[in-house]
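*Asks:* The structure follows.
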Amino acid sequence: MKIQDKYNKIGKSKSNDLDKTVILKPKDIETKPVKKKKKRWIFGGIIALFILIGAIGSLNSPKNDSTNSNSVKTTSSSQKQAAVETAPVKATLKYDGDTYDGYVKDNKKIQQGKYTWANGDVYDGQWADNKMNGKGVLKKANGDSYNGEFINNKKQGSGTYVWADGESYEGSFQNDLMNGEGIYHFKNGDIYDGEWSNNKMNGEGKYTYKNGQVQQGTWENNKLKK
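Heads up, the sequence shown stops at 226 in full-length UniProt numbering, and the numbers go up one at a time, no gaps.
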């Protein structure tokens with residue numbers, strides 16, 4: 001309103017100056033200086049009017065900086081909100097007697113967490129896509145334990161399995177079974193070091209008895225081939 005009032009005031013002042021009745025002598029009407037003065041007034045008024053219109057137009061135009069600033073703030077706020085909603089959070093979940101205490105994202109177990117089954121088994125380790133994935137320790141209620149790698153809830157990769165009676169296997173697992181290279185310590189003191197397939201000695205390996213006797217060669221289903 002101030003800009004418009006200023007514009008109207010200027011317009012009126014110029015208009016009033018041009019509308020004034022000037023009484024002159026007949027000889028002075030034809031003089032060039034008077035005509036030049038009127039032309040200068042008219043020309044000056046037109047220039048002033050154009051300048052004022054341009055100034056008003058520029059003041060009413062939205063600033064790009066303000067628009068961009070609002071966009072940045074809105075985007076930043078949205079990103080922060082999304083980050084809060086999707087960021088992993090630590091929680092305790094219960095399922096029919098089982099309990100999970102660890103990180104959750106989108107209602108799925110991820111990163112690090114401890115799962116306790118109703119039967120007493122406990123897994124403490126890494127998770128991904130709601131399953132045991134990564135490194136972890138599984139302790140069973142019967143006294144057995146496994147420390148190693150998991151993929152989709154199964155022993156997969158390198159690990160060590162220890163039975164409650166003291167026997168142990170350290171080596172490669174595939175699909176929850178002893179597969180690949182591994183060393184097995186029997187509770188009587190015997191040791192087998194070699195290849196495994198489907199939880200059995202299969203392939204090249206060396207069996208060392210407690211008394212020092214050694215059997216080496218190709219094994220098939222826990223027996224040395226002759």
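Glycine residues also receive a C-beta, built at the ideal position from the N, C-alpha and C atoms. These numbers come from a predicted model, not from an experiment.
1) Taking the C-alpha atoms as reference points, what is the distance between T208 and Q126?
2) Whole angstroms is fine: what's the gap from K210's alpha carbon to Q174's?
3) Determine, using beta carbons only, whether G162 and D144 come nearer to each other than 8 Å.
4) Pick out whichever of L177, K108 and A141 has its Cα sitting closest to the Cα of T116.
5) Return the chain-ordered list of same chain residues with a C-beta closer than 7 Å to the C-beta of G120, the five sequence neighbours on each side being excluded.
6) Is DSSP giving S197 helix, strand or coil here?
7) Would the beta-carbon of D96 be found less than 7 Å away from any heavy atom of the ligand NAD?
8) What's the C-alpha gap between E167 and K225?
9) Using alpha carbons as the reference points, say which of G203, A164 and G212 lies closest to E220.
*Replies:* In short:
1) 36 Å
2) 29 Å
3) The sequence shown places Val at residue 162, rather than the Gly named in the question. Result yes, Cβ atoms of V162 and D144 sit closer than 8 Å.
4) A141
5) A141
6) strand
7) With respect to the ligand NAD, the structure shown offers nothing to examine, as it has no ligands at all.
8) 24 Å
9) G203
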